[in-house]
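Numbering (the numbering used here), first residue to last: 61 to 446. Idealized CB from N, CA, C, for every residue including glycine. Step one of this worksheet: look at the structure below.
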Amino acid sequence: MTQERANKAGFETRAIHAGYEPDEMTGAVIPPIYASSTYKQDGVGGLRGGYEYSRSANPTRTALEGALAAVEDGERGFSFASGLAAEDTIIRALTGAGGHVVIPDDAYGGTFRLFDKVAKVWGLDHTPAPVADTEAMAAAIVPGRTRLVWVETPTNPMLTIGDIEALAGVAHDAGALLVVDNTFASPYLQQPLTLGADVVVHSTTKYVGGHSDVVGGAVVVRDHELADKIAFHQNAMGAVSGPFDAFLTHRGLKTLGVRMDRHCDNAERVVEFLDGDPRVTEVIYPGLASHAGQEVASRQMKRFGGMVSFRVAGGVDRALAVCDRAEVFTLAESLGGIESLIEHPGRMTHASVAGTDLEVADDLVRLSVGIESIEDLVADLDRALG
Numbered sequence: 061m062t063q064e065r066a067n068k069a070g071f072e073t074r075a076i077h078a079g080y081e082p083d084e085m086t087g088a089v090i091p092p093i094y095a096s097s098t099y100k101q102d103g104v105g106g107l108r109g110g111y112e113y114s115r116s117a118n119p120t121r122t123a124l125e126g127a128l129a130a131v132e133d134g135e136r137g138f139s140f141a142s143g144l145a146a147e148d149t150i151i152r153a154l155t156g157a158g159g160h161v162v163i164p165d166d167a168y169g170g171t172f173r174l175f176d177k178v179a180k181v182w183g184l185d186h187t188p189a190p191v192a193d194t195e196a197m198a199a200a201i202v203p204g205r206t207r208l209v210w211v212e213t214p215t216n217p218m219l220t221i222g223d224i225e226a227l228a229g230v231a232h233d234a235g236a237l238l239v240v241d242n243t244f245a246s247p248y249l250q251q252p253l254t255l256g257a258d259v260v261v262h263s264t265t266k267y268v269g270g271h272s273d274v275v276g277g278a279v280v281v282r283d284h285e286l287a288d289k290i291a292f293h294q295n296a297m298g299a300v301s302g303p304f305d306a307f308l309t310h311r312g313l314k315t316l317g318v319r320m321d322r323h324c325d326n327a328e329r330v331v332e333f334l335d336g337d338p339r340v341t342e343v344i345y346p347g348l349a350s351h352a353g354q355e356v357a358s359r360q361m362k363r364f365g366g367m368v369s370f371r372v373a374g375g376v377d378r379a380l381a382v383c384d385r386a387e388v389f390t391l392a393e394s395l396g397g398i399e400s401l402i403e404h405p406g407r408m409t410h411a412s413v414a415g416t417d418l419e420v421a422d423d424l425v426r427l428s429v430g431i432e433s434i435e436d437l438v439a440d441l442d443r444a445l446g
């Protein structure tokens, strides 16, 4: 299949075929792992396929980046050593000292730490605002200074939904760019670039890789000028994915569609079990009619994802006990892998926001619902709740 045809095909076809055609010499249908740091030149400056040094480009990474662009309906994709490396590259490429960014008021703790403890030191200010409140996001913009409106949707860990199309309008009216962290939804459930976003960022460690065996990040854009800026900084800063990491991430991407369907199926059954259980005071899931963002999520997402948060009756001690008693749900940070995970955000992934406006409730438990047998997952939660 030609790359032009692959890029126009359905999601699953793009995930499998985009970015690489079978090797002309061997017919290999999977991109090889090019474990080479440098490449022979055909005379000074005579590069074969544009390759000279693997920080700048590597064929295994090139194949992944082409596939990432295709599944996000973008023009260019970039693969990084981690999600935070991808975020840092966006910040340095598209902002500067004296600039300002609007961020979610329930952002991932690592993202908040990057803005508050790293970018702020070299002169980039930020203002948290609720992504579900378009007017509040607009009010947080500093005229003439705001460079980026940064959105997670769904957010981590409160699964708040932002209206991407409306927020794109808010950002563009202010002369800013809209960046959407699409990690929780994955490219299978949501394509922000088609809704007006300028930049999409992922921790590919999560659903894209999907097997908890590789750390990585990605950036996808449509605009060629933005692509050139990201490409320059990717090379200049050097936080790129290695060839084996790119190989594993690309392998995971190929099965993203079928995995996400199972993640969603299982999450919906878990929500059905938890909703109304007297041991639980609140279930947070975008697919519930009670969720404030359900209508927007229905409009911009294919399904509602595999992440579920809930609050436990009895406060922090009971929440910690639930995390400790779970067995099929593994007590661990991260998310999006085939195995189900359980965590206490206040003590784990979001400890860095303690004492700030982004602090999460201490009775909150977050689930990454995997693809195990749903009967086992429900029984495990029932036991864990006591």
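For the set E212, L253, S369, S114, the Cα lying nearest the Cα of R426 is the one of S369.
With contact defined as three or more Cβ pairs closer than 8 Å, the segment 280-294 and the segment 153-161 are in contact. With distances taken between CA atoms, L208 lies nearest to D233 out of R311, D233, T416, P91. At a cut-off of 4 residues, the continuous stretches assigned as alpha helix (DSSP H) that sit fully inside the segment 306-336 are 316-334. Given a length threshold of 4 residues, each whole run of the alpha helix (DSSP H) inside the segment 225-295 is given here in chain order: 246-249. Per DSSP, the unbroken beta strand (DSSP E) holding E403 starts and ends at 401-403. From the listed residues L124, S394, L380, S412, the smallest Cα separation to F244 is found for S394. P82 and I90 have their C-alpha atoms some 7 Å from each other. Of all alpha-carbon atoms in N67, M85, P214, the one lying nearest the alpha-carbon of K362 is that of P214. Linking A189 to A198 through their CA atoms gives a straight-line distance of about 9 Å. Just measuring C-alpha positions, the residue of L380, T171, D440 sitting nearest E387 is D440.
Counting C-beta pairs with one atom in each stretch, the segment 112-121 and the segment 90-99 have three or more that are closer than 8 Å, which means they touch. The beta carbons of G270 and A141 sit about 18 Å from each other, so the pair does not count as a contact at 8 Å. The C-beta separation of I402 from L219 comes to about 15 Å, leaving the pair out of contact by the 8 Å criterion.
By the C-beta density criterion, E147 is buried, having at least 16 other C-beta atoms within 10 angstroms.
Taking a 10 Å sphere around the C-beta of D241, we find 16 or more other C-beta atoms and assign the residue as buried. Of all alpha-carbon atoms in G158, Y168, G110, the one lying nearest the alpha-carbon of A414 is that of Y168.
Note on geometry: alpha-carbon atoms of R322 and S263 lie some 20 Å from one another. A direct Cα-Cα distance of roughly 45 Å separates L380 from G235. If you draw a 10 Å sphere on the C-beta of P338, you find fewer than 16 other C-beta atoms in it, and that means exposed.
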